[in-house]
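A short worksheet on the structure shown next.
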Amino acid sequence: MQIILSHTNLDFDGLASMIAAKKIYPLAEIVLPSKLSPEVEHFLAIYKDTFPFQRKKNIRFDRVREVILVDASDPKRTGDFNECLPKSISYIVYDHHPATDGTVYFSEGTIESVGATITLLAEKLMEQKITISPFEATVFSLGVYSDTGAFTYPHTTARDLQAGAYFMEQGANLLVVDQFREAPLKEDQQKLYQQLLDNSDLISIDGIDICIATHAQKQYTGHLASVTRKLLQITGADVVFSIAEMGHKTFITVRATSDRVNVLPLIYSLDGGGHEKAAAAVVRNQTSEDIYKIVKKNLPQIVKPSLIAKDMMSCPVRVIAPQTTIETASKMLYRYGHTGFPVVEDDKLIGIISRRDVDKALHHQLGHAPVKGYMSHQPITIGLNEKIEQIRELMIEDRVGRLPVVENGQLVGIVSRTDVIQAMHGKKGVNITFSPSSAAPLKRQLIQTMRRHLSPTIYQLLEIIGEEAGNLSMRAYLIGGMVRDLLLEKENEDMDIVVEGDGISLALHLQNIYGGKVRKHDEFRTATWKHPSGFKVDLTSARTEYYDFPAALPKVEMSTIKEDLFRRDFTINAMGICLHKDEFGELIDYFHGFEDLRKGKLRVLYNLSFVEDPTRILRAIRFESRFQFRMDAQTERLATQSANNLQSVSKPRLSSELVRLFYEEDPSYGVERIQELSLTKFMIPTPTSEREAKEHVKLLHTWHKKFVTEKITVNRSIWICYWFILTSKKVKEQTSIQRYCLTKEDLKTLHALEALVLNRNNYSFENISKTKLHEMFASYQLEPLVSFFTILKMKDKKHLFHYLLEREKLDRKLAGDDLIEIGLTPSPLFREILFYGETVQLEFPSITKEELLEKVKTTFYL
Numbered sequence: 033m034q035i036i037l038s039h040t041n042l043d044f045d046g047l048a049s050m051i052a053a054k055k056i057y058p059l060a061e062i063v064l065p066s067k068l069s070p071e072v073e074h075f076l077a078i079y080k081d082t083f084p085f086q087r088k089k090n091i092r093f094d095r096v097r098e099v100i101l102v103d104a105s106d107p108k109r110t111g112d113f114n115e116c117l118p119k120s121i122s123y124i125v126y127d128h129h130p131a132t133d134g135t136v137y138f139s140e141g142t143i144e145s146v147g148a149t150i151t152l153l154a155e156k157l158m159e160q161k162i163t164i165s166p167f168e169a170t171v172f173s174l175g176v177y178s179d180t181g182a183f184t185y186p187h188t189t190a191r192d193l194q195a196g197a198y199f200m201e202q203g204a205n206l207l208v209v210d211q212f213r214e215a216p217l218k219e220d221q222q223k224l225y226q227q228l229l230d231n232s233d234l235i236s237i238d239g240i241d242i243c244i245a246t247h248a249q250k251q252y253t254g255h256l257a258s259v260t261r262k263l264l265q266i267t268g269a270d271v272v273f274s275i276a277e278m279g280h281k282t283f284i285t286v287r288a289t290s291d292r293v294n295v296l297p298l299i300y301s302l303d304g305g306g307h308e309k310a311a312a313a314v315v316r317n318q319t320s321e322d323i324y325k326i327v328k329k330n331l332p333q334i335v336k337p338s339l340i341a342k343d344m345m346s347c348p349v350r351v352i353a354p355q356t357t358i359e360t361a362s363k364m365l366y367r368y369g370h371t372g373f374p375v376v377e378d379d380k381l382i383g384i385i386s387r388r389d390v391d392k393a394l395h396h397q398l399g400h401a402p403v404k405g406y407m408s409h410q411p412i413t414i415g416l417n418e419k420i421e422q423i424r425e426l427m428i429e430d431r432v433g434r435l436p437v438v439e440n441g442q443l444v445g446i447v448s449r450t451d452v453i454q455a456m457h458g459k460k461g462v463n464i465t466f467s468p469s470s471a472a473p474l475k476r477q478l479i480q481t482m483r484r485h486l487s488p489t490i491y492q493l494l495e496i497i498g499e500e501a502g503n504l505s506m507r508a509y510l511i512g513g514m515v516r517d518l519l520l521e522k523e524n525e526d527m528d529i530v531v532e533g534d535g536i537s538l539a540l541h542l543q544n545i546y547g548g549k550v551r552k553h554d555e556f557r558t559a560t561w562k563h564p565s566g567f568k569v570d571l572t573s574a575r576t577e578y579y580d581f582p583a584a585l586p587k588v589e590m591s592t593i594k595e596d597l598f599r600r601d602f603t604i605n606a607m608g609i610c611l612h613k614d615e616f617g618e619l620i621d622y623f624h625g626f627e628d629l630r631k632g633k634l635r636v637l638y639n640l641s642f643v644e645d646p647t648r649i650l651r652a653i654r655f656e657s658r659f660q661f662r663m664d665a666q667t668e669r670l671a672t673q674s675a676n677n678l679q680s681v682s683k684p685r686l687s688s689e690l691v692r693l694f695y696e697e698d699p700s701y702g703v704e705r706i707q708e709l710s711l712t713k714f715m716i717p718t719p720t721s722e723r724e725a726k727e728h729v730k731l732l733h734t735w736h737k738k739f740v741t742e743k744i745t746v747n748r749s750i751w752i753c754y755w756f757i758l759t760s761k762k763v764k765e766q767t768s769i770q771r772y773c774l775t776k777e778d779l780k781t782l783h784a785l786e787a788l789v790l791n792r793n794n795y796s797f798e799n800i801s802k803t804k805l806h807e808m809f810a811s812y813q814l815e816p817l818v819s820f821f822t823i824l825k826m827k828d829k830k831h832l833f834h835y836l837l838e839r840e841k842l843d844r845k846l847a848g849d850d851l852i853e854i855g856l857t858p859s860p861l862f863r864e865i866l867f868y869g870e871t872v873q874l875e876f877p878s879i880t881k882e883e884l885l886e887k888v889k890t891t892f893y894l
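Take the sequence shown: its position 766, counting from 1, is numbered 798 in the numbering used here, and each next residue is one higher.
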C-alpha cells in the first residue's frame, strides 16, 4: 500500500503537492495531517469533498509499504504519523526545503532549491503528459503563488514561473487563488496576534531589526505562521520571532525579509526546520521565557555581516595629478574604461574629475587646460568600514557615482555604482543567469564538472593554488579557454591562472612548499611553475592592457581580475573560476559569457576590440568553425568595419591565426567567412576569384582529410598551401606570400608549390602512368603536390590524387641490404634500382619481393 503524506500545519504548497502526487501515483492514498494552516482549512471547508482525502484513522499502517513524502523530507515533520510508520518502509520524496540530518533515504523523487514543491511535481506532470483539470490547475497555482509570495520571494526561480504559466495554460482561476491565498485571522488568532504584539521587543543587530514576540497561555491556538506574517507586516521589522507557550509545548515560528538573515542555524538547534527566511520548531517542557533567552542569545548567528566598503571597493585606484591636462585625462578615461578619476596631490585626495567634466571642457576646446580647474573639489569620501546601506544613501542623496575610500588620510580604494549594484544583486562576477535557481547549485555544478573532466592531479593542483594564494592574501582564478571548454564539457588541460597580486611571488611560494621549478618573466610579472609531476602551470598577475594606436602590440599594467578579463577577445573567453578556498568552483562572469556560450554566440567585449587587435577577426572565424558558433550581428558589423586594419598587422601575427584556422579547423568554412567579411583584399594584393578559391580549397580539404583518415601524416606547413590557393598565382604575388611563412618548412613547401605552378605548362597528364607520375614528382613532398593537383585545370584529376595516396602508403619491399644479398656492391646504381622498385610496386601493388627482385635482375641485366 502507498500513502501520500506531507508536513503538519499543512499549507497550500503541501496540499497542492499531495494532489499532484496522486495524479502521478494514482494507487496511492492522500492522508491529510491533523493540523492544517488557516488558509488550507478555509479552502477545504468548501472543497473538501472534491478530492479523495483520507484521515489517519482510516489507514492500516501495518500494510503501508511505501510513503510518498511531499514538501518535507524528514518523517518527523509529519507529526504523529511518524510514530505509526513501519521501520522497513521505503520512501519517495519531493521537496524544495534543504536536506537535513533527518532527511530519509529515498529511491525516487528529488530535493531541489525551487520556490515551491509543486513546481517539481508540475515538471513531472508535464514530462509524463498527464492531463490536469482547470480546478486542479487552480489548486496547484495556490501552492506556487503562496510559497513564492506571488513570485516575489528571493528563493523564487524561473522554474516556478514556468510552472505558473503551465497552470494558467491549463485553465487556473486567479480569482480563486487571490480569494484563498491568505485567510483572515479567526477570533482566537486575532487575540494571540494582539498579545504577541503587546509583548514584543525590537532588537537591532548590525542594521537588522529583529522583533521577538512572546506569550504564554494554557489553550492551543493554531496557525502561528499566519499570525507571524501579520506581525512582520505591521512591525516593519526585518525578522519576527513568535514564541508562543501553549500548555506543555512552546511553539516558535520565524519569518524574515532581509537577504542578510538565515534563521536555520538557530531553528535547527531547537530541532526545527524550514527555509532560511521561514522556519518553525516545537519544544516540550520549556517556557516561552526560556526560549526567549535562547533566541536572544543566538541572534548574532542568524545575521550575516553587512557588506562594507572594504568588501566592495576596487583597488589599486588609478589617480591623476591636478596638472594633468584635460586631453590626457580624456585619453586615460578611454584607455581604462573609467567614468572618472580621483585627483591626488602630495598623496592627498583633493578632488574628482568625471567624464562629464572632461567632455564639457573638450567641447569648449580646453584640452590643454589642467584638470584642477574643472574637477569637483572637496569630494565626499568614506572609510573602509562604511556599510553598504550608508554608501547607497550617500550616492542617492548626493548624486555621486563613485566614492573614494580613505584610510589614515590615504586613498586606498574606490566604490562605484557598479560595485554597489553587484554587491546588492549577487557576488562579484557571478553570472546568476547560469543557473535558474541560485548561485549555490552553480557552484556545485562547476565543481562536479571539474571533477569529471580534470585529472585528479590537475584538480588537486587547482585546490593547492587557490589555498596558497589565499595564504598570501591573494586570490587566484582559472581563466580563459580551459573555463570555456569545461562549460562545453570538452577536454582541455591548458591551465592559465590569473592572480590578483604578484604571480611570480605565488609561483616561488608554491615551489618552496611543493618543489618543482619556476621560470620567471619579470617584465610582465608572470611565471611558469613546473610541478614535480611534470605538469606546467602559467601564473599571471592580473593586468589590463591598452594600445597606443590601432594594431599595435598591447602595453600592460597590473590590475584586477575584472580588468584582466575585460582585455580578452570574446565574452566566451572572458570567464574565470574562483580558486579561493571558500569560493572554490564559483563562476566569474562579468560579461555574460556563459549566456553567449549557451546560445552559440561570439561577441566582443567592447566596440574597439577589432580596431585595437584586428587579428581577433580571424580568431572569431576560427572559433566559429571550431564550436559551430556565430558572431552576433554587432560583432560581425564591427569585424567588417575594422577589416582594413588587417593591413597594419605584421604578417607573422596574421600567420599565427591563419595556420590554426587552416590546419586545425575547417579551411573551407574559414575561406567562406573570410570572403563574406571581405577580408582577402586586405591581406592578399591580387586574390583569385571567390568561386575558384572556394572550389580549390574545398577539393584540397577533401583530400587533406582523406590522407588523415588513411593515417598519412600531413605536415602543418600545408596551411601555406591553402593561403597560396587564394592568390592569383602570379609571380609578383610570391614575394608577398613568402612574408607569411613562419618556419623553414613553410618556406620550403611554398617554394616547391611555386616551382610546380611555374612549370605547369611542361607537364602533360593525359593517359599518364603511375610510373611516369612517380618519375616526375617523386622528389616533391605531399603538401605542395596535393595543392598543385588541386589547382590544375583538368576535369578528371582523381588518378593524380590516387597516385599520391598510394605513394604515401607504399610499403617499399626492396632495400640496400637486399641488393647486397644478390651480390651487388653499393654504388650510385642502388638509388636507380630502388627507385625502379618503387615504380613497379605502384603499377603492380600485389607483386611479391621475390618477383620484384627477378624484375630488377632482368631490367638491369644482373
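Every residue, glycine too, gets a C-beta built ideally from N, C-alpha and C.
These figures come from a predicted structure and were not determined experimentally.
Between proline 65 and asparagine 90, the C-beta spacing is not below 9 Å.
Beta-bridge partners of histidine 247 (DSSP): Ala276. When DSSP assignments are scanned along the region 465 to 552, the uninterrupted stretches of alpha helix (DSSP H) that are 4 or more residues long and fall wholly within it turn out to be 471 to 485, 488 to 503, 513 to 519, 535 to 546. At a Cβ-Cβ threshold of 9 Å, lysine 218 and proline 70 count as neighbours.
Between leucine 650 and arginine 600, the beta carbon gap of about 16 Å keeps them out of contact (Cβ cut-off 8 Å). Between tryptophan 755 and leucine 670, the C-beta spacing is not below 9 Å. When secondary structure is reduced to three states using DSSP, aspartate 570 falls in the strand class.
Per DSSP, the continuous alpha helix (DSSP H) segment holding tyrosine 324 begins and ends at 320 to 329. Annotation: lysine 54 to aspartate 45 spans about 14 Å, alpha carbon to alpha carbon.
Ranking Leu331, Glu523, Asp451 by CA distance to the CA of arginine 424 puts Asp451 first.
Under the rule that a run must span 4 or more residues, the alpha helix (DSSP H) segments found entirely inside the region 193 to 218 read 206 to 212. Within the region 292 to 316, the alpha helix (DSSP H) runs of at least 4 residues that lie entirely inside it are, in chain order, 296 to 301.
Tyrosine 126 is bridged by DSSP to Val102, Thr142.
Bounds of the beta strand (DSSP E) holding proline 436 are 434 to 439.
For alanine 154, the closest C-alpha among the options Leu228, Ile235, Tyr79, Ile56 is that of Ile56.
In the DSSP secondary-structure assignment, methionine 663 is bridged to Leu634. Buried is the label assigned to leucine 264, since at least 16 other Cβ atoms lie within 10 Å of its Cβ. Shown here for isoleucine 51: same chain residues with a beta carbon closer than 8 Å to its own, the five before and five after excluded, namely Ile62, Phe83, Glu168, Val171, Phe172 in chain order.
A distance below 9 Å separates the beta carbons of threonine 285 and alanine 311.
The region 495 to 510 makes contact with the region 527 to 537, as at least three CB pairs between them are under 8 Å.
By the neighbour-count criterion, in which 16 or more other beta carbons inside 10 Å mark a residue as buried, serine 178 falls on the buried side.
The beta carbon of valine 444 is closer than 8 Å to those of Met345, Cys347, Val349, Leu416, Val437, Val438 in its chain, skipping five residues each way along the sequence. Three or more Cβ pairs closer than 8 Å define a contact, and the region 126 to 141 meets that threshold against the region 94 to 104. Under the three-state reduction of DSSP, histidine 409 is assigned to strand. A Cβ-Cβ separation of about 5 Å places arginine 516 in contact with isoleucine 604 under the 8 Å criterion. The continuous alpha helix (DSSP H) containing alanine 169 extends over residues 166 to 179.
Buried is the label assigned to glutamate 618, since at least 16 other Cβ atoms lie within 10 Å of its Cβ.
Of all C-beta pairs linking the region 223 to 243 to the region 194 to 208, fewer than three are shorter than 8 Å, placing the two stretches out of contact. Three or more beta-carbon pairs drawn from the region 812 to 831 and the region 740 to 752 are found closer than 8 Å, and the two stretches are therefore classed as touching. If the five residues before and after phenylalanine 113 are omitted, its C-beta is found closer than 8 Å to the C-beta atoms of Leu37, Val63, Pro65, Lys88, Pro107, all from its own chain and listed in chain order. Below 8 Å, too few C-beta pairs join the region 715 to 724 and the region 804 to 813 to call them touching: fewer than three.
When secondary structure is reduced to three states using DSSP, leucine 824 falls in the coil class, being assigned neither helix nor strand. Put simply, the region 418 to 432 does not touch the region 393 to 405. Fewer than three CB pairs are less than 8 Å apart. Between glutamate 704 and lysine 726, the gap from beta carbon to beta carbon is short of 9 Å. With fewer than 16 other beta carbons inside 10 angstroms of its own, isoleucine 852 counts as exposed. Counting C-beta atoms within 10 angstroms of its own C-beta, proline 488 has fewer than 16 neighbours from the protein chains shown and is therefore classed as exposed.
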